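The structure appears below as structure tokens.
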Amino acid sequence: MIKVMHICSDTNIGGAGRYLLNLLQNSNNNKYKLYFCIPKGSKLKKILQEENGKVIEVDIVPDKSFNIKDVFKIIKLLKKYKPDIVHTHASFSGRVASKASAIGKTIYTRHYADVNYNFHCAPILKLKSKTLGILNNLTCDGVIGVVGECIPVLINMGIDKRKIKIIYNGVSPIPQYTKEKKDEVRKKYNIDTDDKVISIIGRLSKEKGHKVFIESMKILTTKRSDVKAIMAGTGIEESSLKNLIKENDLKDNIAFIGFVENITDIINITDVQLNTSYTEAQSLALLEGMSAGIPAVASNIGGNPKVIVHSKNGFVVPVEDSRAFAKRTDEILSNQDLYNHMKNNAKKIYNKQFTASRMTRQTENFYDKILKG
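When you read off a place in the sequence shown, starting at 1, and then add 3, the result is the number in the numbering used here.
Dropping the structure here:
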């Protein structure tokens with residue numbers, strides 16, 4: 004049995020947490036034993052334990068990649084469990100601890116790809132980042148990037164290209180509701196049966212471009228009276244975004260529902276999904292929507308064009324172009340033949356490239372390769 008210790012510093016259920024959940028649900032339990040080291044109080048504990056995951060809560064600083072005291076706490080943990088693989092997520096402390104303890108091989112996943120990362124910054128900042136990249140290189144045996152756009156970022160940070168493996172994110176398919184169940188969810192959010200639902204799912208931070216989403220809805224609602232939008236997520240931009248919705252007189256058009264642990268309800272009533280990000284590796288929310296046949300309009304940035312194939316399962320539009328988002332969304336909603344075409348293609352592309360089982364098998368194959376040296 005190969006023991007894999009996942010170390011994640013997150014306290015909320017974001018992309019990394021859902022990634023871990025998908026790995027757990029699809030792991031080959033006859034070959035791999037998974038452990039999950041998380042901070043005390045993390046919301047990940049509940050969802051991982053519900054899938055019978057072995058969760059180990061440690062008194063480490065939450066939502067912080069590195070803390071020297073945490074390194075020693077994790078070393079103690081690794082010496083106790085003696086994993087064959089240490090797989091880290093947003094935890095440089097975990098990588099340092101793994102190498103310092105000389106226990107097992109070390110892998111980390113790069114869950115995001117800022118395409119502008121460090122390419123045009125001041126020399127002193129570039130030097131600092133390069134140094135950190137070299138340290139990253141020394142403290143890992145392999146790196147998983149979730150999209151090809153991660154490669155230049157990782158290389159620019161000092162990572163040896165030979166250590167990098169691109170494995171696309173994968174998600175479990177979203178369960179499909181009956182019409183009666185969908186109507187119940189619509190009623191919960193005060194959405195009429197005939198309304199067209201536009202959703203955006205993700206943390207409320209500047210790089211996610213929610214202001215563009217709101218601007219797009221302002222444009223769209225001047226043309227259509229049947230559109231309702233759902234914004235799911237929490238974050239530092241929450242207050243300013245609520246004010247923006249109020250200023251644009253969109254309180255009756257946009258439902259601001261906060262953090263949602265399970266997005267199944269939202270996906271089941273969504274007609275078109277939007278991703279207005281300024282930077283994106285590979286959106287799990289888009290993949291989950293595709294599993295249910297939801298067309299999307301997404302920023303032409305990062306990994307989005309690999310997921311949303313223009314004119315096939317949605318449209319990609321220029322970053323920050325709220326008019327383009329509104330126009331393409333209206334185009335999808337106004338043409339039933341186009342909608343059905345994109346719906347069918349979304350499911351086909353998902354089944355071919357973005358299932359959780361495919362991602363898990365490729366990740367386990369990478370484990371085997373790293374262990375063989």
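Note that CB positions come from ideal geometry on N, CA and C, so glycine has one too. Here the structure is a predicted model, which means the values were calculated and not measured.
Excluding residues up to 5 positions away in sequence, Val312, Lys315, Asn316 lie with their Cβ nearer than 8 Å to the Cβ of Asn348 in the same chain. For Ala235, the enclosing beta strand (DSSP E) starts and ends at 230 to 235. A straight line joining the alpha-carbon of Thr237 with that of Met220 spans about 19 Å.
Here Tyr35 is not near Val61, since their CB atoms are 8 Å or more apart. According to the DSSP secondary-structure assignment, Glu250 is paired through a beta bridge with no residue. Between Ile233 and Ile269 the beta-carbon gap is near 6 Å, inside 8 Å, which marks them as a contact. For Cys153, the uninterrupted alpha helix (DSSP H) segment begins and ends at 153 to 159.
Relative to the Cα of Ala301, the nearest Cα in the group Thr273, Arg331, Glu291 belongs to Arg331. The residues Ala299, Val310, Asn316, Ala349, Lys350, Ile352, Tyr353, Phe357, in chain order, have a CB closer than 8 Å to that of Met293 in the same chain once the five nearest residues on each side in sequence are set aside. Burial is judged here by how many other beta carbons sit within 10 angstroms of a residue's own beta carbon; Lys108 has at least 16 and is buried. In this structure, DSSP gives Pro42 an extended state, which the three-state scheme calls strand. Within a 10 Å sphere around the beta-carbon of Asp371 sit fewer than 16 other beta-carbons, which makes this residue exposed. In the same chain as Ala103, and ignoring 5 residues on each side of it, the C-beta atoms closer than 8 Å to its own belong to Val74, Ile78, in chain order.
Excluding its 5 nearest sequence neighbours in each direction, Leu223 has C-beta neighbours in its own chain below 7 Å: Val230, Ala329, Thr332, Asp333, listed in chain order. In this structure, the CA atom of Lys226 is about 30 Å from the CA atom of Tyr180.
Within a 10 Å sphere around the beta-carbon of Ser360 sit fewer than 16 other beta-carbons, which makes this residue exposed. In this structure, DSSP gives His213 a helical state, which the three-state scheme calls helix.
Setting aside the 5 residues that flank it on each side, Ser280 is surrounded in the same chain by Glu210, Lys211, Gly212, Ser302, Ile304, each with a C-beta closer than 7 Å to its C-beta; the list follows chain order.
Where Arg113 is concerned, there is no enclosing alpha helix (DSSP H), although the beta strand (DSSP E) around it starts and stops at 108 to 113. A direct Cα-Cα distance of roughly 19 Å separates Ser286 from Cys11. Collapsing the DSSP output to three states places Tyr35 in a strand. The segment 131 to 150 and the segment 196 to 209 do not touch, with fewer than three beta-carbon pairs separated by less than 8 Å. Note that the segment 16 to 36 does not touch the segment 150 to 165; fewer than 3 beta-carbon pairs, one per stretch, sit closer than 8 Å. Straight-line spacing of the CA atoms in Arg21 and Asp255 works out to 31 Å. In the DSSP assignment, Ala301 falls within the beta strand (DSSP E) that extends over 299 to 302. Assignment of Ile222 by DSSP, reduced to helix, strand and coil, places it in the helix class. Judged by their CB atoms, Arg113 and Cys153 are nearer to each other than the 8 Å cut-off.
Between Thr363 and Asn29 a beta carbon distance of about 4 Å is seen, short of the 8 Å cut, so the two are scored as contacting. Here Phe69 carries a coil assignment [DSSP, helix/strand/coil].
Beta-bridge annotation (DSSP): Met8 is paired with Tyr38, Val89.
Within the segment 253 to 302, the complete alpha helix (DSSP H) segments at least 4 residues long are 267 to 272, 287 to 294, listed from N- to C-terminus. Annotation for Val146: no alpha helix (DSSP H) segment contains it, though the beta strand (DSSP E) segment containing it runs 145 to 148.
Gln276 is positioned such that its CB atom lies closer than 8 Å to that of Ile297. For the pair Ala258 and Tyr192, the CB atoms are nearer than the 8 Å cut-off.
Check the Cα spacing between Pro65 and each of Val89, Lys49, His90, Ser96: the tightest is with Ser96. Distances from the alpha-carbon of Lys182 to those of Ser175, Gly173, Asn172, Asp197 put Asp197 closest.
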